[in-house]
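Undergrad: Taken in sequence, the protein lines are chains A and B.
Per the working numbering, the first sequence starts with residue 1, numbered consecutively.
Per the working numbering, the second sequence starts with residue 1001, numbered consecutively.
Heads up, the beta-carbon is just placed ideally off N, CA and C, and yes, glycines get one too.
Protein chains: 2
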Amino acid sequence: MKIVFVGAGNLATRLSLAMQRVGMQIGQVYSHTAESAGQLAGRLGCPWTTDLSVLQPDADLYVFSLKGTVLEEVIAGVKPNNGLWIHTAGSMPMTVFEGHASRYGVLYPLQTFSKGREVNFDVIPLFLEANTDKEGAYFKNIATALSENVRFLSSEKRRHLHLAAVFACNFTNHIYTLAYKLLEKEEIPAEVLLPLIDETVAKIHTMSPAAAQTGPAIRYDKNVINKHLAMLDDPDMKAIYQLLSWSIHKESQDE
Amino acid sequence: MKIVFVGAGNLATRLSLAMQRVGMQIGQVYSHTAESAGQLAGRLGCPWTTDLSVLQPDADLYVFSLKGTVLEEVIAGVKPNNGLWIHTAGSMPMTVFEGHASRYGVLYPLQTFSKGREVNFDVIPLFLEANTDKEGAYFKNIATALSENVRFLSSEKRRHLHLAAVFACNFTNHIYTLAYKLLEKEEIPAEVLLPLIDETVAKIHTMSPAAAQTGPAIRYDKNVINKHLAMLDDPDMKAIYQLLSWSIHKESQDE
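(1) Decide if residue 199(A) is buried, meaning its Cβ has at least 16 other Cβ atoms within 10 Å, or exposed.
(2) So does residue 130(A) have its beta carbon nearer than 7 Å to some heavy atom of the ligand COA?
(3) Distance check for residue 177(A) and residue 1207(B), CA to CA, integer angstroms please.
(4) Ignore the nearest five residues each way along the sequence and tell me which others in residue 1031(B)'s own chain have a CB closer than 6 Å to its CB.
(5) Which complete alpha helix (DSSP H) runs does the region 1036-1105 of chain B hold, if anything under 4 residues is left out?
(6) Quick check: residue 1197(B) and residue 170(A), are their CB atoms within less than 8 Å of each other?
(7) Strictly under 8 Å for the Cβ-Cβ distance: is residue 1221(B) near chain A by that measure?
(8) Please decide whether residue 171(A) counts as near chain B, where near means a Cβ-Cβ distance under 8 Å.
(9) Taking 8 Å as the cut-off, decide whether the C-beta atoms of residue 1136(B) and residue 1126(B) are in contact.
(10) Tell me the DSSP secondary structure of residue 1000(B) in three-state form.
(11) Below 8 Å on the Cβ atoms is my guess for residue 228(A) versus residue 1006(B); work out the distance and round it to an integer in Å.
(12) With 16 as the cutoff for other CB atoms within 10 Å, does residue 1029(B) come out buried or exposed?
(13) Considering only residues of the region 197-232 of chain A, which uninterrupted alpha helix (DSSP H) runs meet the minimum length of 4 residues and lie entirely inside it, listed in chain order?
(14) Going along the region 1236-1252 of chain B in order, which residues come within less than 9 Å of chain A, judged by CB to CB distance?
(15) Determine, for residue 7(A), whether the minimum Cβ-Cβ distance to residues of chain B falls below 8 Å.
(16) Please determine if the region 1061-1070 of chain B and the region 1083-1096 of chain B are in contact, where contact requires at least 3 C-beta pairs separated by less than 8 Å.
(17) Just the C-alpha distance for residue 50(A) and residue 98(A), rounded to the nearest angstrom, thanks.
(18) Quick one: measure Cβ to Cβ for residue 1120(B) and residue 69(A), integer angstroms, because I've assumed they're closer than 8 Å.
(19) Jot down the residue ranges of each uninterrupted alpha helix (DSSP H) in the region 132-187 of chain A, minimum 4 residues, whole runs only, in chain order.
(20) Beta-carbon within less than 6 Å of residue 1034(B)'s beta-carbon, same chain only, minus the 5 sequence neighbours each way: which residues are those?
(21) Can you confirm whether the region 1040-1054 of chain B touches the region 1010-1028 of chain B when touching is taken to mean that 3 or more C-beta pairs between the two stretches lie within less than 8 Å?
(22) Since residue 109(A) sits in a beta bridge, which residues does DSSP pair it with?
(23) For the region 207-221 of chain A, which residues have a beta carbon sitting closer than 9 Å to at least one beta carbon of chain B?
(24) Measuring only between beta-carbons, confirm whether residue 140(A) sits less than 8 Å from chain B.
(25) In this structure, what does DSSP give as the bridge partners for residue 25(A)?
(26) For residue 1030(B), list the residues DSSP reports as bridge partners.
(27) Helix or strand or just coil, what does DSSP make of residue 1256(B)?
(28) Would you say residue 199(A) lies against chain B (beta-carbon separation less than 8 Å)?
(29) Just to confirm, are residue 1155(B) and residue 1093(B) a CB contact at a threshold of 8 Å?
(30) In whole angstroms, what separates the C-alpha of residue 231(A) from that of residue 1160(B)?
(31) Taking the Cβ atom as the reference point for each residue, do residue 131(A) and residue 90(A) lie within a distance shorter than 8 Å?
(32) Name, going along the chain, the residues of the region 79-90 of chain A whose beta-carbon falls closer than 9 Å to a beta-carbon of chain B.
(33) Any C-beta of chain A sitting closer than 8 Å to the C-beta of residue 1195(B)?
(34) Going by other Cβ atoms of all chains shown within 10 Å of its Cβ, with 16 needed for buried, is residue 1215(B) buried or exposed?
(35) Would you report the Cα separation of residue 1074(B) and residue 221(A), rounded to the nearest angstrom?
(36) Can you list the residues of chain A that residue 1113(B) reaches, using a CB-CB cut of under 7 Å?
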């Protein structure tokens, strides 16, 4: 089982290390920058390149882990071969491989990856898609070596899942950033928020987030809401406060 | 140590039960509705009333746990006595007691409370304020029986802390609600998001949320962002997506 990685970002880093850990061989890493390619190849102990024309042609699996804007262009730049070509992008259809490869699919790990942070792949939900049932069965074998949580999902459903993940992860994380900024300005250590943040998440393991909602917006406590708005001098933060409070209120009226 | 609770909402429910658990006696519960007062008094095994004029006058501690809009009015409706009067509202100054009580303060537990969900008070950060140092020392003794995490914080700082908590808890929880809705529409079980949500929070225990940020907005992947916007037909969700993506991008440029 030899694998070539095309891309060396956060996801490629964590996925390639997880694959190596379960005994798969990473044959080569490509990135358009020598720095990224060299850094990941150094961790994996394998060759690297910034030149698509020298990609090893005999790997079993080619993992394209690139941002949407360059994915199609890079796929078109790789010479056809007999390997299984997959990408890892939530919002890109499987059909980006059409006309470029005969065996292809998608492996979308529903997780947030940072180069420097180890994650336990065992519990990460992996969403697969393949261009034929035969490729699907072969591909599922590879994926189940990485995680116990593997299922098939169409490109059409996957793009909605990716959108939901942007809300659940990227947007909530950014709101933590804003909350931390508010406290830093007041010289209050931001870590005081952690028990609250932990409990907010623990709650939705036992009840729906709609049922778990608390605070001034669901009570529509205008007194508090107006005081809060007056305290926010950043216009974007004020707009975020208004829009989310309104949305919480609207949601509670719908129920 | 006898305590009277004025208010019977989520916070009053969890705080009174926690106080009872450490051996404090809840003497009476007031709420403006018989249903709420009776429900909490039933759990505590104590008398209840909806009439402020029959509030027991001999308690050591009076806990006013009410939303901001009615807090001042209810305080003004209670006959002066020798107890320590406190409220639990993040955004209300301690001075709401001026002219109504001689001994007063604030106990703000930084947590999200639901009537039906038990919480471990031991780790909840409690922020205290008292009108004199003497009351502060007495009050701190009471609070440390509930939590290991007790400190003093002024009304001015507390209102900023409360604002940050609305972001970190209420807004993130609402974004979970929106993410769940997106998946339910596609008939994908919303629980698939939980490992992602858990990891998003686990990350900020070891790095700042700004350093932990991932996803299309921080890469400013217009291809993905535009596809996502086209998929959102609810105008409020579209506006939330645009505003938060822009704010993530802006934040990453500032660094």
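TA: This is what the structure gives:
(1) Here the question's residue 199(A) lines up with position 199 in the first sequence. That one is buried.
(2) Ligands are entirely absent from the displayed structure, and the ligand COA is therefore not among its contents.
(3) Looking up residue 1207(B) in the second sequence gives position 207. Looking up residue 177(A) in the first sequence gives position 177. Distance between the alpha carbons of residue 1207(B) and residue 177(A): 11 Å.
(4) Numbered from 1 along the second sequence, position 31 holds the residue referred to as residue 1031(B). Hits under 6 Å: 1008, 1037.
(5) 1068-1076
(6) Taking the first residue of the second sequence as 1, we reach residue 1197(B) at position 197. Taking the first residue of the first sequence as 1, we reach residue 170(A) at position 170. It is not a contact, given that the beta carbons lie outside the stated cut-off.
(7) The residue labelled residue 1221(B) in the question sits at position 221 within the second sequence. Yes, contact with chain A.
(8) Start at 1 with the first residue of the first sequence, and residue 171(A) comes out as number 171. At least one chain B Cβ lies under 8 Å of residue 171(A).
(9) Counting from one through the second sequence, the residue named residue 1136(B) turns up at place 136. Counting from one through the second sequence, the residue named residue 1126(B) turns up at place 126. Taking 8 Å as the Cβ cut-off, residue 1136(B) and residue 1126(B) do not qualify as a contacting pair.
(10) This structure does not reach residue 1000(B), given that chain B is present from 1001 up to 1255, and the question cannot be answered.
(11) Within the first sequence, residue 228(A) is the residue found at index 228, counting from 1. Within the second sequence, residue 1006(B) is the residue found at index 6, counting from 1. Going by Cβ atoms, the distance from residue 228(A) to residue 1006(B) rounds to 24 Å, so no, they are not a contact pair.
(12) Indexing the second sequence from 1 puts residue 1029(B) at position 29. Answer is buried; the Cβ neighbour count reaches 16.
(13) 209-212, 216-219, 222-231
(14) Closer than 9 Å at the C-beta level to chain A, one finds these residues of the region 1236-1252 of chain B: 1236, 1237, 1239, 1240, 1241, 1243, 1244, 1245, 1246, 1247, 1248, 1250, 1251.
(15) Taking the first sequence and counting its residues from 1, one reaches residue 7(A) at position 7. Cβ-Cβ to chain B under 8 Å: no for residue 7(A).
(16) Contact holds: three or more Cβ-Cβ distances are below 8 Å.
(17) Within the first sequence, numbered from 1, the residue matching residue 50(A) stands at position 50. Within the first sequence, numbered from 1, the residue matching residue 98(A) stands at position 98. Each residue's alpha carbon lies about 24 Å from the other.
(18) For the purposes of this step, residue 1120(B) is taken as the residue at position 120 of the second sequence. For the purposes of this step, residue 69(A) is taken as the residue at position 69 of the first sequence. Not confirmed; about 46 Å, so no contact.
(19) 133-144, 155-165, 172-185
(20) For the purposes of this step, residue 1034(B) is taken as the residue at position 34 of the second sequence. 1050, listed in sequence order.
(21) yes
(22) Along the first sequence, read from residue 1 onward, the residue named residue 109(A) stands at position 109. For residue 109(A), which the question treats as bridged, DSSP gives the partners 126(A).
(23) For the region 207-221 of chain A, the set of residues with a beta-carbon nearer than 9 Å to any beta-carbon of chain B comprises 207, 208, 209, 210, 211, 212, 213, 214, 215, 216, 217, 218, 219, 221, in chain order.
(24) Along the first sequence, read from residue 1 onward, the residue named residue 140(A) stands at position 140. So no, residue 140(A) is outside the interface.
(25) In the first sequence, counting from the first residue as 1, residue 25(A) sits at position 25. In DSSP, residue 25(A) forms a bridge with 2(A).
(26) For the purposes of this step, residue 1030(B) is taken as the residue at position 30 of the second sequence. Its beta-bridge partners are 1006(B), 1049(B).
(27) Here chain B comprises residues numbered 1001 to 1255, so residue 1256(B) is not present and cannot be evaluated.
(28) In the first sequence, counting from the first residue as 1, residue 199(A) sits at position 199. Judged by the 8 Å Cβ criterion, residue 199(A) is in contact with chain B.
(29) Counting from 1 along the second sequence, the entry for residue 1155(B) is found at position 155. Counting from 1 along the second sequence, the entry for residue 1093(B) is found at position 93. Closer than 8 Å, so yes.
(30) The count along the first sequence starts at 1 and reaches residue 231(A) at position 231. The count along the second sequence starts at 1 and reaches residue 1160(B) at position 160. For residue 231(A) and residue 1160(B), the distance between alpha carbons rounds to 8 Å.
(31) Within the first sequence, numbered from 1, the residue matching residue 131(A) stands at position 131. Within the first sequence, numbered from 1, the residue matching residue 90(A) stands at position 90. No, the Cβ-Cβ distance between residue 131(A) and residue 90(A) is not below 8 Å.
(32) Within the region 79-90 of chain A, the qualifying residues are 89, 90.
(33) Taking the first residue of the second sequence as position 1, residue 1195(B) is located at position 195. When Cβ-Cβ separations below 8 Å define contact, residue 1195(B) makes contact with chain A.
(34) Mapped onto the second sequence, residue 1215(B) falls at position 215. The residue in question, residue 1215(B), is buried, as its Cβ has 16 or more Cβ neighbours within 10 Å.
(35) Working through the second sequence from its first residue, we reach residue 1074(B) at position 74. Working through the first sequence from its first residue, we reach residue 221(A) at position 221. Near 16 Å, if we compare the C-alpha coordinates of residue 221(A) and residue 1074(B).
(36) Within the second sequence, numbered from 1, the residue matching residue 1113(B) stands at position 113. 214, listed in chain order.
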